[in-house]
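The structure appears below as structure tokens.
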């Protein structure tokens with residue numbers, strides 16, 4: 134907890150946070166690629182958490198696919214905090230239509246790992262209940 | 028002597044007491060020497076009480092019918108003076124009432140204004156109708172909250188307009204490297 138508070142008071146973390154937030158609202162679709170390339174591959178959990186939430190906020194097919202259908206990213210992240218935070222953001226979406234489509238595609242597709250499919254199935258059940 | 032002349036004489040005596048007093052030297056008056064700046068009362072103030080009793084002064088008995096008329100005229104003039112005095116008071120009362128009414132009206136006006144809701148919608152409509160210039164219209168319809176936005180929100184809004192690959196990506200890489208360096212130093 135102390136480490137988390139100390140990083141959130143860090144000037145450079147605030148700078149990274151602002152850049153990720155700007156990419157969340159940037160109308161340019163290339164923003165998703167930047168977030169995926171830099172943010173989701175960061176070694177810092179807090180940065181991956183921010184990135185996943187930003188991708189969910191965009192609520193686009195490509196951005197949602199990154200956090201739902203990729204192993205080690207978003208809901209499949211090794212960090213429980215990152216995975217739970219992404220799920221929470223998905224549940225908070227006003228329009229869940231696109232997220233449900235991506236989840237169904239992930240569940241029905243043969244190309245994805247069973248672990249990824251299982252996570253997608255669980256999240257879909259939660260979203261159906263919410 | 029006519030009545031009018033008598034009144035004139037009397038009023039002259041009343042309002043110019045010193046002018047008509049005679050400088051009479053009396054042996055019985057000890058103040059005659061000092062003369063009271065030459066204004067000596069004709070009435071002998073040192074008249075003996077016996078003499079007074081003998082005179083048997085009466086306010087009505089010794090007055091002649093002519094004198095009564097004169098005095099009544101004089102008293103009448105005094106009552107006129109009184110009516111004028113009352114007229115003056117009435118004027119003051121009327122003036123005070125006017126001032127009071129003014130104060131009450133002002134107070135009512137203030138309360139009326141306070142109870143009214145100020146509606147700027149009409150003014151806004153007028154502005155929108157009258158101004159045909161697009162630029163000015165945009166300024167008027169602009170959300171003024173953006174002018175008071177926090178520095179963080181302004182910065183985010185500014186970066187959101189940048190190109191993600193050419194502008195934002197280098198910035199993110201740089202900031203992330205600096206953050207990782209900070210974390211390594213802290214560990």
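Residue numbers (the working numbering), protein chains in the order written: chain A, 134 to 263; chain B, 28 to 214. Heads up, the beta-carbon is just placed ideally off N, CA and C, and yes, glycines get one too.
Identify whether residue i lies in helix, strand or coil by the three-state DSSP scheme.
| i | result |
| --- | --- |
| residue 32 (chain B) | helix |
| residue 152 (chain A) | helix |
| residue 177 (chain A) | coil |
| residue 246 (chain A) | coil |
| residue 226 (chain A) | coil |
| residue 172 (chain A) | helix |
| residue 129 (chain B) | helix |
| residue 213 (chain B) | helix |
| residue 163 (chain A) | helix |
| residue 207 (chain A) | helix |
| residue 234 (chain A) | helix |
| residue 216 (chain A) | helix |
| residue 196 (chain A) | helix |
| residue 186 (chain B) | helix |
| residue 190 (chain A) | helix |
| residue 107 (chain A) | Past the edges of chain A, shown from 134 to 263, lies residue 107 (chain A), and the structure says nothing about it. |
CA-CA distance, residue i and residue j?
| i | j | result |
| --- | --- | --- |
| residue 230 (chain A) | residue 257 (chain A) | 11 Å |
| residue 154 (chain A) | residue 200 (chain B) | 15 Å |
| residue 240 (chain A) | residue 234 (chain A) | 10 Å |
| residue 185 (chain A) | residue 216 (chain A) | 9 Å |
| residue 197 (chain B) | residue 206 (chain B) | 14 Å |
| residue 146 (chain A) | residue 236 (chain A) | 31 Å |
| residue 165 (chain A) | residue 148 (chain A) | 18 Å |
| residue 251 (chain A) | residue 218 (chain A) | 18 Å |
| residue 228 (chain A) | residue 177 (chain A) | 30 Å |
| residue 182 (chain B) | residue 137 (chain B) | 47 Å |
| residue 130 (chain B) | residue 120 (chain B) | 15 Å |
| residue 213 (chain A) | residue 179 (chain A) | 12 Å |
| residue 32 (chain B) | residue 125 (chain B) | 45 Å |
| residue 156 (chain A) | residue 170 (chain A) | 13 Å |
| residue 97 (chain A) | residue 213 (chain B) | Outside the displayed range of chain A (134 to 263) lies residue 97 (chain A), so it cannot be described from this structure. |
| residue 122 (chain B) | residue 139 (chain B) | 26 Å |
| residue 191 (chain B) | residue 159 (chain A) | 8 Å |
| residue 195 (chain B) | residue 263 (chain A) | 35 Å |
| residue 158 (chain B) | residue 161 (chain A) | With a pLDDT of 48 at residue 158 (chain B), under the threshold of 50, the modelled position of that residue is not reliable, and the figure given next carries that caveat. If I take the Cα positions, the gap works out to 35 Å. |
| residue 168 (chain A) | residue 188 (chain A) | 8 Å |
| residue 249 (chain A) | residue 255 (chain A) | 10 Å |
| residue 253 (chain A) | residue 190 (chain A) | 18 Å |
| residue 208 (chain A) | residue 200 (chain A) | 6 Å |
| residue 242 (chain A) | residue 187 (chain B) | 34 Å |
| residue 184 (chain B) | residue 225 (chain A) | 23 Å |
| residue 178 (chain B) | residue 194 (chain A) | 32 Å |
| residue 203 (chain B) | residue 259 (chain A) | 33 Å |
For residue i, is the classification buried or exposed, using 16 other Cβ atoms within 10 angstroms of its Cβ as the cut-off for buried?
| i | result |
| --- | --- |
| residue 261 (chain A) | exposed |
| residue 211 (chain A) | exposed |
| residue 206 (chain A) | buried |
| residue 81 (chain B) | Annotation note: pLDDT 49 at residue 81 (chain B) (below 50); position unreliable, no value reported. |
| residue 208 (chain B) | exposed |
| residue 181 (chain A) | buried |
| residue 152 (chain A) | buried |
| residue 198 (chain A) | buried |
| residue 245 (chain A) | buried |
| residue 140 (chain A) | buried |
| residue 116 (chain B) | exposed |
| residue 173 (chain A) | buried |
| residue 223 (chain A) | buried |
| residue 135 (chain B) | exposed |
| residue 150 (chain A) | buried |
The segment 151-173 of chain A: which residues have C-beta closer than 7 Å to a C-beta of chain B, in chain order? 151, 152, 154, 155, 156, 158, 159, 161, 163, 164, 167 and 171
Anything in the segment 188-199 of chain B with a Cβ closer than 9 Å to a Cβ of chain A? List those residues in chain order, please. 188, 189, 190, 191, 192, 195, 196, 198 and 199
Beta carbons nearer than 8 Å to chain B: which residues of the segment 177-196 of chain A have them? 177 and 180
Which residues, in chain order, does the segment 205-222 of chain A contribute to contact with chain B at a C-beta distance below 9 Å? none
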